[in-house]
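Student: Sharing a structure here in C-alpha coordinates format.
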Amino acid sequence: MKKESVREVIYYSDPLNEEFSKAKITPRVIDGNYRYFHGPLWDFCSLVIQNVLSMPIKVLYLKIKFRHSYIGKGKLKQCNNIGYFIYGNHTQPFADTFIPSVADYPKRNFFIVAPANVSMPGSGWLVELLGAIPIPQDMEGMKHFVKAVEARIKRRQSVTIYPEAHIWPYYTGIRPFKDVSFKYPVQYDCPVFALTNTYHRRGAGGRKVKVVTYIDGPFYPDGSLSPRKRQQDLRDRVYECMLERSNNSSYEFIEYRKKEEE
(Lines of atoms letter the chains of each structure in order from A; the text may use other names.)
(Lines give C-alpha, C1' and ligand atoms only; values in the text may rest on other atoms or scores of the structure.)
Protein backbone atom coordinates (compact mmCIF):
# COMPACT_ATOMS: atom_id res chain seq x y z
CA MET A 7 0.00 0.00 0.00
CA LYS A 8 1.31 3.46 -0.92
CA LYS A 9 2.16 5.53 2.16
CA GLU A 10 1.30 9.22 2.52
CA SER A 11 3.76 12.03 3.30
CA VAL A 12 5.86 12.19 6.45
CA ARG A 13 6.41 14.80 9.15
CA GLU A 14 9.91 13.80 10.29
CA VAL A 15 12.93 11.88 9.00
CA ILE A 16 15.29 9.75 11.12
CA TYR A 17 18.51 8.36 9.71
CA TYR A 18 19.78 4.99 10.89
CA SER A 19 22.75 2.76 10.17
CA ASP A 20 22.07 -0.44 12.15
CA PRO A 21 18.51 -1.82 12.06
CA LEU A 22 19.35 -4.53 14.61
CA ASN A 23 20.90 -2.47 17.40
CA GLU A 24 19.97 1.21 17.14
CA GLU A 25 17.52 2.64 19.66
CA PHE A 26 15.39 5.74 19.02
CA SER A 27 13.41 5.93 22.23
CA LYS A 28 13.56 9.42 23.77
CA ALA A 29 13.78 8.01 27.30
CA LYS A 30 17.32 8.05 28.68
CA ILE A 31 17.47 5.70 31.67
CA THR A 32 20.49 4.18 33.36
CA PRO A 33 19.60 0.48 33.67
CA ARG A 34 19.89 -1.27 37.00
CA VAL A 35 21.79 -4.54 37.30
CA ILE A 36 19.53 -7.57 36.93
CA ASP A 37 21.47 -10.56 38.25
CA GLY A 38 21.02 -13.63 40.42
CA ASN A 39 19.82 -11.46 43.31
CA TYR A 40 16.84 -10.10 41.41
CA ARG A 41 13.51 -11.44 42.67
CA TYR A 42 11.18 -12.70 39.95
CA PHE A 43 8.84 -14.27 42.51
CA HIS A 44 7.49 -12.26 45.44
CA GLY A 45 4.76 -14.44 46.91
CA PRO A 46 0.93 -14.54 46.94
CA LEU A 47 0.35 -10.98 48.17
CA TRP A 48 2.52 -9.46 45.42
CA ASP A 49 0.84 -11.65 42.82
CA PHE A 50 -2.61 -10.58 44.01
CA CYS A 51 -1.64 -6.90 43.89
CA SER A 52 -0.18 -7.46 40.41
CA LEU A 53 -3.46 -9.02 39.24
CA VAL A 54 -5.49 -6.09 40.57
CA ILE A 55 -3.18 -3.49 39.01
CA GLN A 56 -2.84 -5.36 35.68
CA ASN A 57 -6.42 -6.36 35.03
CA VAL A 58 -8.56 -4.05 37.17
CA LEU A 59 -7.09 -0.66 38.04
CA SER A 60 -4.96 -0.07 34.93
CA MET A 61 -7.27 -1.59 32.32
CA PRO A 62 -9.56 1.46 31.91
CA ILE A 63 -6.45 3.67 31.57
CA LYS A 64 -5.02 1.39 28.88
CA VAL A 65 -8.27 1.33 26.90
CA LEU A 66 -8.79 5.10 27.13
CA TYR A 67 -5.17 5.86 26.20
CA LEU A 68 -5.37 3.71 23.07
CA LYS A 69 -8.73 5.12 21.99
CA ILE A 70 -7.97 8.77 22.67
CA LYS A 71 -4.40 8.91 21.38
CA PHE A 72 -4.59 6.44 18.50
CA ARG A 73 -8.29 5.70 17.83
CA HIS A 74 -7.00 2.17 18.16
CA SER A 75 -8.73 -0.92 16.77
CA TYR A 76 -7.98 -4.64 16.36
CA ILE A 77 -8.37 -7.00 13.44
CA GLY A 78 -8.24 -10.68 14.36
CA LYS A 79 -8.36 -10.31 18.15
CA GLY A 80 -10.78 -13.23 18.37
CA LYS A 81 -8.03 -15.60 17.24
CA LEU A 82 -6.54 -15.42 20.73
CA LYS A 83 -9.61 -17.21 22.09
CA GLN A 84 -8.54 -20.37 20.28
CA CYS A 85 -5.87 -20.80 22.96
CA ASN A 86 -7.81 -19.43 25.89
CA ASN A 87 -7.10 -22.45 28.09
CA ILE A 88 -3.34 -22.64 27.55
CA GLY A 89 -0.35 -20.33 27.80
CA TYR A 90 1.20 -18.76 24.72
CA PHE A 91 3.60 -16.12 23.44
CA ILE A 92 2.81 -12.94 21.49
CA TYR A 93 5.43 -11.38 19.19
CA GLY A 94 4.99 -7.78 18.08
CA ASN A 95 6.72 -4.91 16.29
CA HIS A 96 8.28 -2.45 18.75
CA THR A 97 7.11 1.06 17.80
CA GLN A 98 5.64 2.68 20.95
CA PRO A 99 6.91 3.12 24.54
CA PHE A 100 3.54 2.79 26.29
CA ALA A 101 1.10 1.43 23.74
CA ASP A 102 3.29 -1.61 23.14
CA THR A 103 2.54 -2.80 26.67
CA PHE A 104 -1.12 -1.78 26.54
CA ILE A 105 -2.14 -3.31 23.20
CA PRO A 106 -1.46 -7.00 23.97
CA SER A 107 -2.85 -6.66 27.50
CA VAL A 108 -6.15 -5.22 26.27
CA ALA A 109 -6.38 -7.82 23.49
CA ASP A 110 -5.76 -10.65 25.95
CA TYR A 111 -8.11 -9.51 28.69
CA PRO A 112 -9.14 -11.20 31.00
CA LYS A 113 -6.09 -13.45 30.52
CA ARG A 114 -3.08 -11.91 32.27
CA ASN A 115 -0.35 -10.74 29.92
CA PHE A 116 3.30 -10.41 30.90
CA PHE A 117 6.09 -8.95 28.80
CA ILE A 118 9.82 -9.48 28.54
CA VAL A 119 11.70 -6.19 28.85
CA ALA A 120 15.21 -4.74 28.97
CA PRO A 121 16.53 -3.77 32.45
CA ALA A 122 16.00 -0.07 31.70
CA ASN A 123 12.23 -0.60 31.77
CA VAL A 124 12.28 -1.47 35.48
CA SER A 125 14.96 1.09 36.36
CA MET A 126 12.94 4.29 36.44
CA PRO A 127 13.38 5.97 39.86
CA GLY A 128 10.27 5.62 41.99
CA SER A 129 8.24 3.64 39.45
CA GLY A 130 10.28 0.59 38.50
CA TRP A 131 8.30 -1.49 40.99
CA LEU A 132 5.04 -0.43 39.34
CA VAL A 133 6.28 -1.62 35.94
CA GLU A 134 7.08 -4.96 37.57
CA LEU A 135 3.59 -5.17 39.05
CA LEU A 136 2.17 -4.45 35.60
CA GLY A 137 3.83 -7.62 34.33
CA ALA A 138 7.39 -6.78 33.29
CA ILE A 139 9.90 -9.65 33.29
CA PRO A 140 13.36 -8.06 32.89
CA ILE A 141 16.18 -9.84 31.05
CA PRO A 142 19.08 -10.60 33.41
CA GLN A 143 22.75 -9.91 32.84
CA ASP A 144 24.33 -13.05 34.26
CA MET A 145 23.83 -16.82 34.16
CA GLU A 146 22.48 -17.11 37.69
CA GLY A 147 19.86 -14.49 36.92
CA MET A 148 19.00 -16.29 33.68
CA LYS A 149 18.01 -19.41 35.62
CA HIS A 150 15.46 -17.43 37.60
CA PHE A 151 14.30 -15.58 34.49
CA VAL A 152 13.58 -18.82 32.61
CA LYS A 153 11.63 -20.14 35.60
CA ALA A 154 9.57 -16.94 35.68
CA VAL A 155 8.69 -17.21 31.98
CA GLU A 156 7.88 -20.91 32.36
CA ALA A 157 5.64 -20.19 35.35
CA ARG A 158 3.51 -17.78 33.32
CA ILE A 159 3.02 -20.31 30.54
CA LYS A 160 2.15 -23.11 32.99
CA ARG A 161 -0.42 -20.82 34.61
CA ARG A 162 -2.10 -20.43 31.20
CA GLN A 163 -1.09 -16.78 30.92
CA SER A 164 0.55 -15.04 27.97
CA VAL A 165 4.00 -13.54 27.51
CA THR A 166 4.66 -10.75 25.01
CA ILE A 167 8.05 -10.44 23.34
CA TYR A 168 9.30 -7.67 21.04
CA PRO A 169 11.99 -9.49 19.03
CA GLU A 170 13.17 -6.26 17.37
CA ALA A 171 14.34 -5.34 20.91
CA HIS A 172 14.69 -1.59 20.29
CA ILE A 173 11.96 1.04 19.93
CA TRP A 174 11.63 2.81 16.59
CA PRO A 175 8.68 5.16 17.11
CA TYR A 176 5.99 4.95 14.42
CA TYR A 177 8.12 2.72 12.17
CA THR A 178 5.90 1.11 9.53
CA GLY A 179 8.18 -1.73 8.44
CA ILE A 180 9.41 -4.84 10.21
CA ARG A 181 13.08 -4.83 11.13
CA PRO A 182 15.08 -8.04 10.80
CA PHE A 183 15.19 -9.93 14.08
CA LYS A 184 16.96 -13.03 15.33
CA ASP A 185 15.32 -16.30 16.30
CA VAL A 186 16.76 -16.43 19.84
CA SER A 187 13.49 -15.50 21.57
CA PHE A 188 11.63 -18.27 19.76
CA LYS A 189 13.43 -20.90 21.82
CA TYR A 190 10.80 -20.44 24.53
CA PRO A 191 7.71 -21.64 22.64
CA VAL A 192 9.82 -24.49 21.25
CA GLN A 193 10.99 -25.44 24.74
CA TYR A 194 7.49 -25.31 26.22
CA ASP A 195 5.79 -26.63 23.06
CA CYS A 196 3.18 -23.89 23.02
CA PRO A 197 1.66 -21.68 20.31
CA VAL A 198 2.57 -18.12 19.39
CA PHE A 199 0.67 -15.21 17.89
CA ALA A 200 1.94 -12.39 15.69
CA LEU A 201 0.85 -8.85 16.59
CA THR A 202 1.47 -6.17 13.97
CA ASN A 203 0.71 -2.50 14.57
CA THR A 204 -0.01 -0.50 11.40
CA TYR A 205 -0.25 3.28 11.04
CA HIS A 206 -2.83 5.40 9.24
CA ARG A 207 -3.38 9.13 8.88
CA ARG A 208 -5.90 10.82 11.15
CA GLY A 209 -6.64 14.53 11.38
CA ALA A 210 -5.81 17.52 9.23
CA GLY A 211 -2.21 17.97 8.24
CA GLY A 212 -1.15 14.54 9.42
CA ARG A 213 -0.88 15.70 13.03
CA LYS A 214 -2.30 12.47 14.41
CA VAL A 215 -2.28 8.80 13.53
CA LYS A 216 -4.65 5.90 13.88
CA VAL A 217 -3.25 2.51 14.86
CA VAL A 218 -4.77 -0.72 13.61
CA THR A 219 -3.41 -3.89 15.18
CA TYR A 220 -3.51 -7.19 13.28
CA ILE A 221 -3.37 -10.41 15.28
CA ASP A 222 -2.51 -13.64 13.47
CA GLY A 223 -2.06 -17.23 14.56
CA PRO A 224 -1.82 -19.47 16.35
CA PHE A 225 1.51 -20.69 14.97
CA TYR A 226 2.73 -23.97 16.43
CA PRO A 227 6.29 -25.33 16.54
CA ASP A 228 6.82 -27.91 13.79
CA GLY A 229 7.43 -31.17 15.63
CA SER A 230 8.89 -32.81 12.53
CA LEU A 231 11.98 -30.57 12.74
CA SER A 232 14.92 -30.61 15.14
CA PRO A 233 14.58 -28.13 18.05
CA ARG A 234 17.05 -25.70 16.45
CA LYS A 235 15.31 -25.76 13.07
CA ARG A 236 11.95 -25.61 14.81
CA GLN A 237 13.02 -22.34 16.39
CA GLN A 238 14.16 -20.85 13.08
CA ASP A 239 11.04 -22.04 11.26
CA LEU A 240 8.75 -20.48 13.86
CA ARG A 241 10.64 -17.20 13.65
CA ASP A 242 10.42 -17.18 9.85
CA ARG A 243 6.68 -17.80 9.79
CA VAL A 244 5.99 -15.06 12.31
CA TYR A 245 8.35 -12.64 10.56
CA GLU A 246 6.78 -13.21 7.13
CA CYS A 247 3.29 -12.76 8.56
CA MET A 248 4.26 -9.49 10.27
CA LEU A 249 6.01 -8.29 7.14
CA GLU A 250 2.88 -8.89 5.06
CA ARG A 251 0.62 -7.17 7.59
CA SER A 252 2.95 -4.16 7.82
CA ASN A 253 2.20 -3.43 4.17
CA ASN A 254 -1.25 -2.29 5.33
CA SER A 255 0.26 0.84 6.91
CA SER A 256 -0.80 3.83 4.81
CA TYR A 257 0.95 6.70 6.57
CA GLU A 258 4.52 7.29 7.75
CA PHE A 259 4.39 9.73 10.63
CA ILE A 260 8.17 9.33 10.81
CA GLU A 261 10.25 8.14 7.87
CA TYR A 262 13.39 6.11 8.54
CA ARG A 263 16.18 6.36 5.99
CA LYS A 264 19.37 4.33 5.97
CA LYS A 265 22.53 6.45 6.15
CA GLU A 266 24.76 6.35 3.12
CA GLU A 267 28.09 4.66 3.76
CA GLU A 268 30.99 7.10 3.70
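Counting along the sequence shown from 1, when you hit position 10 you're at 16 in the working numbering, and nothing is skipped either side.
Even glycine gets a Cβ: it sits at the ideal position worked out from N, Cα and C.
Could you give the distance in angstroms between the alpha-carbon of residue 159 and the alpha-carbon of residue 190?
Tutor: Taking the straight line joining both Cα atoms gives about 10 Å.
Student: Hey, how far is the Cα of residue 207 from the Cα of residue 144?
Tutor: Going from the Cα of residue 207 to the Cα of residue 144 covers about 44 Å.
Student: If we ignore side chains and look at the alpha-carbon of each, how far apart do residue 168 and residue 210 end up?
Tutor: Distance between the alpha carbons of residue 168 and residue 210 is about 32 Å.
Student: Quick check: the Cα distance between residue 103 and residue 243, rounded to an integer number of angstroms?
Tutor: Those two C-alpha atoms are separated by around 23 Å.
Student: If we call anything under 9 Å between Cβ atoms a contact, is residue 139 one with residue 119?
Tutor: Yes, Cβ-Cβ distance for residue 139 and residue 119 is below 9 Å.
Student: Determine the extent of the alpha helix (DSSP H) in which residue 150 is found, giving its start and end residues.
Tutor: 145 to 160 is the span of the alpha helix (DSSP H), which, as asked, contains residue 150.
Student: Would you mind giving the Cβ-Cβ distance between residue 19 and residue 264, rounded to the nearest angstrom? I have them listed as a contact below 8 Å.
Tutor: So it is a contact: roughly 7 Å between Cβ atoms.
Student: So which of 170, 197, 51, 215 has the shortest CA-CA distance to residue 225?
Tutor: Comparing Cα positions, the closest option is 197.
Student: When DSSP labels each residue in this structure, what does residue 28 get in the three-state scheme?
Tutor: Coil at residue 28, not helix or strand.
Student: Only counting runs of 4 or more residues, tell me where the alpha helix (DSSP H) segments fall wholly within the stretch 175 to 223, in order along the chain.
Tutor: The stretch 175 to 223 contains these whole alpha helix (DSSP H) runs: 189 to 194.
Student: When DSSP labels each residue in this structure, what does residue 140 get in the three-state scheme?
Tutor: Three-state result, residue 140: strand.
Student: Which stretch, first to last residue, makes up the beta strand (DSSP E) that contains residue 18?
Tutor: From DSSP, the beta strand (DSSP E) with residue 18 extends over 14 to 18.
Student: Are there three or more Cβ pairs, one per stretch, closer than 8 Å when the stretch 54 to 62 is compared with the stretch 167 to 181?
Tutor: As far as the Cβ criterion goes, the stretch 54 to 62 does not touch the stretch 167 to 181, which means the pair count is below three.
Student: Could you tell me which residues DSSP puts in a beta bridge with residue 3?
Tutor: Outside the displayed range of the chain (7 to 268) lies residue 3, so it cannot be described from this structure.
Student: Where do the N-terminal and C-terminal ends of the beta strand (DSSP E) with residue 70 fall, by residue?
Tutor: No beta strand (DSSP E) contains residue 70, which is instead part of the alpha helix (DSSP H) from 61 to 72.
Student: With a threshold of 8 Å on Cβ separation, who are the neighbours of residue 215 within its own chain once the five nearest residues in sequence on each side are excluded?
Tutor: Contacts found: 72, 176, 205, 206, 207, 208, 257, 259.
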